[in-house]
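As numbered in the working numbering, residues 1030 to 1751 make up the first sequence, in order. Don't be surprised by glycine CBs; every beta carbon is placed ideally from N, CA and C. In this text, all values refer to a predicted model and were calculated from it rather than measured experimentally. Here the structure is laid out as structure tokens; the discussion comes afterwards.
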Amino acid sequence: MDVSRILDPLNDAQRQAVCAEQGNVLVLAGAGSGKTRVLVHRIAWMLAAEGITPYGILAVTFTNKAAGEMRGRIEQLLGIPSSGMWVGTFHGIAHRLLRAHWKEAGLGQSFTVMDSEDQLRALRRVIREMGLDESQWPAKESQWYINARKDEGLRAKHLDHQNDTHLRYMIEIYAQYENYCQRSNVVDFAELMLRSHELWLQNPEILRHYQQRFRHILVDEFQDTNTIQYAWLRLLAGQHCAMFAVGDDDQSIYGWRGARVENIQQFSRDYSNTSVFRLEQNYRSTGNILNAANGLISHNAERMGKNLWTADSDGELIQLYAAFNEQDEAMFIVERINDWVNGGGLRSECAVLYRSNAQSRVIEERLIQSGMPYRVYGGLRFFERQEIKDALAYLRLVNNRDDDTAFERVVNTPTRGIGARTVDTIRETARGSGISLWRAAYYLIEHKQLAARALSALQQFLYLIDNLHKSIDGLALHEQIEHVIHDSGLIDHYKKERGERGRARLENLDELINAGRNFDDEDRDPEQAEVDTLTAFLSHASLEAGERQGDEWDDCVQLMTLHSAKGLEFKQVFLCGLEEGVFPHKLSMEEPGRLEEERRLCYVGMTRAKQKLMISYAEKRRLYGEEKFARPSRFISEIPREYLEEIRLGGSVSTPVYDQFATRVEDNDAPLQLGQRVFHNKFGEGIVMNYEGNGRHARVQINFSTSGSKWLVMEYANLQLC
DNA sequence: ATATAGAATCTTTTT
DNA sequence: GATTCTATAT
1030 MDVSRILDPL NDAQRQAVCA EQGNVLVLAG AGSGKTRVLV HRIAWMLAAE
1080 GITPYGILAV TFTNKAAGEM RGRIEQLLGI PSSGMWVGTF HGIAHRLLRA
1130 HWKEAGLGQS FTVMDSEDQL RALRRVIREM GLDESQWPAK ESQWYINARK
1180 DEGLRAKHLD HQNDTHLRYM IEIYAQYENY CQRSNVVDFA ELMLRSHELW
1230 LQNPEILRHY QQRFRHILVD EFQDTNTIQY AWLRLLAGQH CAMFAVGDDD
1280 QSIYGWRGAR VENIQQFSRD YSNTSVFRLE QNYRSTGNIL NAANGLISHN
1330 AERMGKNLWT ADSDGELIQL YAAFNEQDEA MFIVERINDW VNGGGLRSEC
1380 AVLYRSNAQS RVIEERLIQS GMPYRVYGGL RFFERQEIKD ALAYLRLVNN
1430 RDDDTAFERV VNTPTRGIGA RTVDTIRETA RGSGISLWRA AYYLIEHKQL
1480 AARALSALQQ FLYLIDNLHK SIDGLALHEQ IEHVIHDSGL IDHYKKERGE
1530 RGRARLENLD ELINAGRNFD DEDRDPEQAE VDTLTAFLSH ASLEAGERQG
1580 DEWDDCVQLM TLHSAKGLEF KQVFLCGLEE GVFPHKLSME EPGRLEEERR
1630 LCYVGMTRAK QKLMISYAEK RRLYGEEKFA RPSRFISEIP REYLEEIRLG
1680 GSVSTPVYDQ FATRVEDNDA PLQLGQRVFH NKFGEGIVMN YEGNGRHARV
1730 QINFSTSGSK WLVMEYANLQ LC
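What follows is the structure in structure tokens.
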């Protein structure tokens, strides 16, 4: 193997990381510094130069996309298939382990993986069965609580209610939910990590086997690992494994779902012989964009320290546009895109990034108006669509009769005369005897404990599932799917739905058959040939919900949230809605830690831009039906001024907007922070709800605890901060 | 079993 | 403002 192909395309820092001596390595890779390249070349280097066998390598990522990309690039670089190597997501690999050791993990052989919607439905049922009021104990909250505990590696039995009633119920719901999952032979996403971790802890011989096999672990996006994922890695690594972790603390934007940036620092502490490398040369953006981003992120206190630089030229200044309102902002963005396209640029080279999905609507409307094709990321994915989930539920039930989530979903879809009353009876029986719904239904029929009509309807349903099981045995996967969606009546059911939507649903069901046809050859895991195809397909559907909607091939403007933009790059980026309360989001403004995460999010957004970055904010914005005034985001004032250029449309430059907000933000005698508690001599204590204008002439709306909401003029109000 | 009206609620997202 | 769920009526 010619090693120069691996080393030549690298810069010094990259090469040092790639060729680092065997041992633990931490690579702090800034945005656009060639993070994936280093991972891929490191693997290639180990295989080609160090004589390490692919069989001993495990590479973990967070998304299927990243895993696929890594695998593809390894194969491209080496010119051979990457077989034997494990490259996958944390959840994908945990799932693989559980399939291989289902018995030791305490699962049934054909256990099913629930997605978050399934999990929510399951929790609704558990809460209802506990006789709790659903409005007082929202399933969403329990789901959040349970997943957060699982991400910390904690089971219900580890938790202490500390005499807190609320907590006690939460833990009880958790415990009941664990029972439910065990009974139904299903696992949720967090459970995959937690249970595979326990599998290793409780079966030292299995752990030893994997420890001996995987002497080289590579981890992508290390800053996004949560507690259980890090514990899982440490356990697998044991004493003799070399870990190669790549991450960027400045791009940690998933703290709210349990990711712990601290794991990066912890890594060097836990593995004392760790060599640390920094990749700071950026190959993506112009100098001005990088300097602006560096300036912004320097306002964060908790950093490992890193400064991106480029050999590229300064490029254009970052343009700042102060819009009158959100309509004006949208108009500005679309006009700029038009200019770009007229100048020969592609629409797909432009991305509009926003903090929250609700912001996309106005921009979409404006794009439609000017006939500009666009694509919004973040809609429903293929395997999450209603009709697809219905079909999958039938398949799941055929595959695993105890899957209560699937049973509940399809027992009366399409309607077949099994009403709420009957299902209630089944549930009660199931709960009374601690059995699955399927078994309870069987029991009720055998003992004729239902009204005649319901009994025969239910019997029909059980026959249907049993017959489906028999008739699809031995068929190819796509034939199985086709059979099930026809015989279940789903096709007829959706044929009745009129209009565009019904037609789309039928098309999707057709597409599901197609997915089954393609699955056989492509997506099977060669090391798990003994798992039957249907089971593998169902797991695939849960673990890899498919691409987001949109025609990739069309040349269209890209619209997405800042979170979904991570890892992508565009020649021209619009960062919009930079207003206090929108970005940083009002729910993240209180805690310093969360605010720093918002700032990192802004940093991520800025560093997506290759050539042109445009930042905009609206002085007045209609959001959630109400019109509100907002101050420009503090993030704007944190960008060093020399990299910004304020622009106005139509050339009518009046007061420089930058000056306006600069004084507004920095002046402490204008405490117009929304949500600020204030004291008024006559009205007492209140909270700032809204304001209009700025400086001394501003009018402020304050909600007083004793006398209600009032508009006051700052100049005369004489407010005191509390 | 379905249709409709009223109410609630509205970061960010992958697996 | 728009969606999504819940309660009630038919």
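Asked, Found
"Rounded to whole angstroms, what's the CA-CA distance from Asn1547 to Thr1562? Just pull it up for me.", "12 Å"
"List the whole-angstrom C-beta distance separating Ala1068 from Asp1253, where the pair is believed to meet the contact cut-off of C-beta under 8 Å.", "It should be pointed out that residue 1068 corresponds to Leu in this sequence rather than to Ala. Leu1068 to Asp1253, Cβ: 14 Å. No contact."
"DSSP on Arg1445, reduced to helix/strand/coil?", "coil"
"Under a three-way DSSP split, which group does Gly1610 fall into?", "strand"
"Note down, in chain order, each residue of its chain lying with its Cβ closer than 7 Å to the Cβ of Ala1095, except the 5 sequence neighbours on either side.", "Asp1249"
"Secondary structure at Arg1410, three-state DSSP: helix, strand or coil?", "strand"
"Determine, using beta carbons only, whether Ser1568 and Asp1431 come nearer to each other than 9 Å.", "no"
"Quick check: the stretch 1080-1089 against the stretch 1110-1127, are at least 3 beta-carbon pairs closer than 8 Å?", "yes"
"I want to know whether the stretch 1588-1596 touches the stretch 1403-1411 - three or more CB-CB distances under 8 Å.", "yes"
"Rounded to a whole number of angstroms, what is the C-alpha to C-alpha distance between Phe1140 and Gly1503?", "20 Å"
"Identify every run of the beta strand (DSSP E) within the stretch 1113-1146, keeping only runs that are complete inside it and at least 3 residues long; order them along the chain.", "1115-1118"
"From Leu1223 to Asn1232, what does the alpha carbon distance come to, in whole angstroms?", "14 Å"
"Considering only their Cβ atoms, is the gap separating Leu1479 from Leu1487 smaller than 9 Å?", "yes"
"Which word fits Leu1673, buried or exposed, when buried means at least 16 other C-beta atoms lie within 10 angstroms of its C-beta?", "buried"
"Which residues does DSSP pair with Cys1379 in a beta bridge?", "Gln1601"
"What separation, rounded to the nearest whole angstrom, lies between the Cα atoms of Val1682 and Gln1348?", "Residue placement at Val1682 is flagged as unreliable, the pLDDT there being 40, under the threshold of 50; a coordinate-derived value is accordingly withheld."
"Can you tell me which of Tyr1312, Leu1127, Glu1345 and Glu1626 puts its alpha carbon nearest to the alpha carbon of Thr1564?", "Leu1127"
"What three-state label does DSSP hand Thr1065 in the structure shown?", "helix"
"Along the alpha helix (DSSP H) that carries Gly1287, what are the first and last residues, could you check?", "Premise fails: Gly1287 is in no alpha helix (DSSP H) and is neither H nor E."
"Here's the rule: buried if 16 or more other CB atoms are within 10 angstroms of the residue's CB, otherwise exposed. What is Val1032?", "exposed"
"Kindly confirm or deny that the stretch 1324-1331 and the stretch 1305-1314 touch, where touching means at least three C-beta pairs closer than 8 Å.", "no"
"Nearest to Gln1165 by CA position, among Gly1063, Gly1276 and Arg1153, is which residue?", "Arg1153"
"Would you check if there are 3 or more beta carbon pairs closer than 8 Å linking the stretch 1661-1669 to the stretch 1315-1326?", "yes"
"Could you check whether the stretch 1388-1406 touches the stretch 1175-1194, counting it as contact only if at least three pairs of C-beta atoms, one from each stretch, sit closer than 8 Å?", "no"
"Please go through the stretch 1500-1544 and give each complete alpha helix (DSSP H) segment of 4 or more residues, from N-terminal end onward.", "1506-1516 and 1519-1524"
"Classify Glu1355: buried if its beta carbon has 16 or more other beta carbons within 10 angstroms, exposed otherwise.", "buried"
"What alpha helix (DSSP H) runs, 4 residues minimum, are completely inside the stretch 1230-1311?", "1233-1242, 1256-1266 and 1291-1299"
"Considering only the beta carbon of each residue, do Glu1416 and Arg1286 sit closer than 9 Å?", "no"
"Thr1065 to His1512, Cα distance in whole Å?", "43 Å"
"If you measure between the beta carbons of Ile1514 and Ile1542, is that distance less than 9 Å?", "yes"
"Using only the alpha-carbon positions, how far apart do Tyr1174 and Asp1193 sit?", "15 Å"
"Within the same chain, show all residues whose beta-carbon is closer than 8 Å to that of Ala1046, passing over the 5 residues directly before and after it, in chain order.", "Val1054, Val1056, Val1067, Arg1071, Phe1306 and Leu1308"
"For Leu1750 and Val1707, what's the separation of their Cα atoms in angstroms?", "5 Å"
"With which residues is Gln1587 paired in a DSSP beta bridge?", "Ala1380 and Arg1404"
"Could you spell out the range, first to last residue, of the alpha helix (DSSP H) harbouring Ala1096?", "Asn1093 to Leu1107"
"Could you check if Gly1121 is buried or exposed, using at least 16 other CB atoms within 10 Å of its CB as the buried criterion?", "buried"
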